[in-house]
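My numbering puts the first residue of the sequence shown at 1049, with every later residue one more than the last.
Here a beta-carbon is modelled for each residue, glycine too, at the ideal position from N, C-alpha and C.
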Amino acid sequence: MAQVYDPRRLVGIRAERVTDVSSRDFPGHYPGEDHSWNLEKFRENLTVKIRRVSDRSIDFDLVGVDASIANAFRRIIIAEVPTICIENVYVYNNTSVVADEILAQRIGLIPLNVDPKTMDMRVDDESTDRNTIVFTLKLECTRKKDAPKDSTVPSELYNDHELLSGHLEWQPAGEQAEVFSKNPPAPTNPNIVLAKLRPGQGVEITLHAVKGVGKDHAKFSPVATASYRLLPHIVIKKPIPPHLAEKFQKCFSPGVIHIDPRTKVVTVDEENKRKDTVSREVLRHPEFEGYVELSRVRDYFLFNIESESAYPPQRLFQEAIAVMRGKLANIRRAAEALLDQPADGDVVMADP
């Protein structure tokens, strides 16, 4: 028996439109039903399932929250989790073909392996060992004396013909040598090509790295991407004719639809349905009209986070939660301050 479509739980996917996009579980929408927020109910429904973790990325499911909350975490990860990046570039010599400002832009985008918790945010132009990390970049290309005369390969002809992120040299100051003794500051990827050099060309640059957030500049964003999508929900409403089974299967991502080799019965693989892109290809074919219903689960978010910073991927979501808690604490303090105002209702405005 086909499952009944539930507009409270599902977002409908039709051939040319999407239905029931807004959640309705708020007080007063359904007569006689109490949908006021309840902490115990929230705890009961909230689930986090880690599906895959690697050195640079993580896939996990966040279940039981509204889209506004899931999107808030996504945006915080991208724009408000702090990192350390190169902010000031002092060029003393640059005879490469890359212009100073272009080279400075490329250098600024290099991700660094520095834990942001070890540094303070720089609030003015004064640089200290607590808020600034200094690097130097000095390289000059020379011709190899024993280079083959008939070779055209740069690595055989020249020394230091590529300016790489790995050529950054950290210059410890103050307490930094002790603080970073176990993990010296360096690029997360030493093989990023910044410029290509030829004999007679070279660079000499001093770099200052500071703490910042992605909403100030994209280079401070700790991730290559942080995204989510809703869990696909596929319901076969009536049996698929055997002669159409393979065509039906090809309308979905590989592994989503299973065909029994003996009976030719078509079913949805509940474990692999998350792989489907919900392309709606099946809805283009008139022979499948009325056979299948596509939707997405409203409160089931499939998160993917790719770290490009010092943070392990599994730590990024925890950092986003910490930022969110700080925002809530600020709102609470502001609300309490309003309650403490005089009875005449005047509110004293002041810059933070």
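- The three-state reading of DSSP puts Ala1147 in coil, since its state is none of H, G, I, E or B.
- In terms of Cα proximity to Phe1183, the closest of Val1146, Ala1195 and Val1162 is Val1162.
- Per the Cβ contact rule, the stretch 1335-1345 is not in contact with the stretch 1073-1089 (fewer than 3 Cβ pairs under 8 Å).
- For Ala1257 and Val1139, the gap between their C-alpha atoms comes out near 15 Å.
- Using a Cβ distance threshold of 8 Å, Ser1071 and Arg1346 count as a contacting pair.
- The shortest CA-to-CA distance from Ser1275 to any of Arg1178, Gly1248, Asn1352 and Tyr1206 is the one to Asn1352.
- About 51 Å separates the beta carbons of Val1241 and Ile1284, which is beyond the 8 Å limit, so they are not a contact pair.
- In this structure, the alpha-carbon of Asn1320 lies about 5 Å from that of Val1304.
- DSSP places Gln1297 inside the alpha helix (DSSP H), whose first and last residues are Ala1293 to Lys1298.
- Secondary structure note for Gly1374: its alpha helix (DSSP H) is the uninterrupted segment Pro1361 to Leu1387.
- Distance from the CA atom of Val1314 to the CA atom of Arg1328, rounded to whole angstroms, is 18 Å.
- It is roughly 40 Å from the alpha-carbon of Gln1249 to the alpha-carbon of Ser1102.
- As for any beta strand (DSSP E) of minimum length 3 sitting wholly inside the stretch 1064-1119, the runs are 1095-1101 and 1105-1111, ordered along the chain.
- Residue pairing for Tyr1138: DSSP places it in a beta bridge opposite Thr1254.
- Bounds of the beta strand (DSSP E) holding Pro1280 are Val1271 to Ile1284.
- Residue range Pro1202 to Leu1205 is occupied by the alpha helix (DSSP H) that includes Ser1203.
- Within the same chain, Val1326, Arg1328, Leu1342, Ser1343 and Arg1344 come within 7 Å of Ile1061 by CB-CB distance, once the 5 residues on both sides are set aside.
- In summary, Gln1224 is buried, with 16 or more beta-carbon neighbours lying within 10 Å of its beta-carbon over all protein chains present.
- If you check the CB distance, Val1201 and Leu1364 do not come in under 8 Å.
- Boundaries of the alpha helix (DSSP H) around Val1227: Gln1224 to Val1227.
- In this structure, DSSP gives Glu1329 a helical state, which the three-state scheme calls helix.
- Thr1166 is bridged by DSSP to nothing; it lacks a bridge partner.
- Within the same chain, and ignoring the five residues on either side of Arg1100 in sequence, the residues whose Cβ sits closer than 6 Å to its Cβ are Asp1107.
- Under DSSP, the beta-bridge partners assigned to Cys1133 are Val1258.
- At the C-beta level, Lys1259 and Met1167 come within 8 Å of one another.
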